[in-house]
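These protein sequences, in sequence, are chains A and B.
In this text, residue positions in the first sequence follow my numbering: the first is 9, and each later residue adds one.
In this text, residue positions in the second sequence follow my numbering: the first is 9, and each later residue adds one.
Protein chains: 2
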Amino acid sequence: MTIQEVSEKTGLSKHTLRYYEKIGLIDTVKKSKSNYRIYNQNDLNRLEFICNMREAGMGISKLKEYIQLTSQGENTVEERRGILLENKKKIQEEIKLLEKSMNYIEYKIENYDSIIKNKKI
Amino acid sequence: MTIQEVSEKTGLSKHTLRYYEKIGLIDTVKKSKSNYRIYNQNDLNRLEFICNMREAGMGISKLKEYIQLTSQGENTVEERRGILLENKKKIQEEIKLLEKSMNYIEYKIENYDSIIKNKKI
DNA sequence: ACTTGCATTAGAGCACACTCTAAATGATAA
DNA sequence: TTATCATTTAGAGTGTGCTCTAATGCAAGT
């Protein structure tokens, strides 16, 4: 798969794909004879995981740490689980905060609604 | 109220308080004889609103736009309502995304749980 | 062969939202 | 009074995560 195709599939820009490789978030991708990147299924799986965790709000350095643990094999399973659990808690708090914000904004909107209503009467 | 007190009350750093003033997110704060900032209730209300909206994920430039509308009086009510509604939708989508991420991470954690269990047996 | 379009690299630049520094002055307590 | 602490300013610096540029080269169609 070419970088173009992977970009379309993942939604990551070609720049970002190269950037992730440069900072070691994904391994060095194999190259064609003419020095073009050819992504394999492994690369795609990794990228999918990365996208998921980025959406989950995990920072790049934490993600890199996690990925390095993965490559160290089975004896890092507990530590990896810990990282995920930590992240899960972070998301839960984030959701709570956003829900609080929602209430605040909804209250403000209702306020405006009654102001607008009164203006029309 | 001094900048120190306001900082403690709002959770914003003193640097940030001066920064918000510099970029026009709050009006110029009155100064004491010795050129120290003295915040009044109005300033505090504004800051509380700002904190709420920042938590809600509104960017600083949007927030500034909104605040400028507010100072233009009653005939911008509809537009302000529009901005809030837009932001509300943004938050809803953000929450949905985070919930999706949660599921993904929970799935991963359960996976690890069964791996860890098998290791112990 | 020529043009168009895709790829490569190192490294610079950008957007956001702070955060910190340095130098100076004012306030407070022993 | 002297030491210590808080505040002021303009402006520089930081961290995160991209995003873009310039120079160069390969590839495919006409």
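Cβ atoms here follow ideal geometry from the backbone N, Cα and C, with glycine treated the same way.
| request: Could you check the C-alpha separation between residue 46(A) and residue 81(A) for me, to the nearest Å? | output: If you take the alpha carbons of residue 46(A) and residue 81(A), they lie about 26 Å apart.
| field | Anticipated Cβ contact below 8 Å, residue 89(B) with residue 112(A), distance rounded | value | Not a contact, Cβ separation roughly 14 Å.
| message | Tell me whether the region 59-78 of chain B and the region 58-69 of chain A touch, counting them as touching only if at least three CB pairs, one residue from each stretch, are closer than 8 Å. | response | no
| said: Using only the alpha-carbon positions, how far apart do residue 31(A) and residue 22(A) sit? | reply: CA-CA distance, residue 31(A) to residue 22(A), rounds to 14 Å.
| field | residue 40(B) versus residue 68(B): straight-line alpha-carbon distance, rounded | value | Their Cα atoms are separated by approximately 28 Å.
| request: Verify the CB distance criterion: does residue 111(A) have a CB-CB separation below 7 Å to chain B? | output: Any Cβ of chain B closer than 7 Å to the Cβ of residue 111(A) would place that residue at the interface, and such an atom is absent.
| message | What does the Cβ neighbour count give for residue 95(A), buried or exposed, with the cut at 16 atoms within 10 Å? | response | buried
| Would DSSP call residue 39(B) helix, strand or coil? | If DSSP states are grouped into helix, strand and coil, residue 39(B) belongs with the strands.
| query | Anyone know if the C-beta pair for residue 18(B) and residue 71(B) falls short of 7 Å? | reply | no
| query | Who are the neighbours of residue 95(B) on chain A, taking C-beta pairs under 8 Å? | reply | Within chain A, the residues near residue 95(B) are 113.
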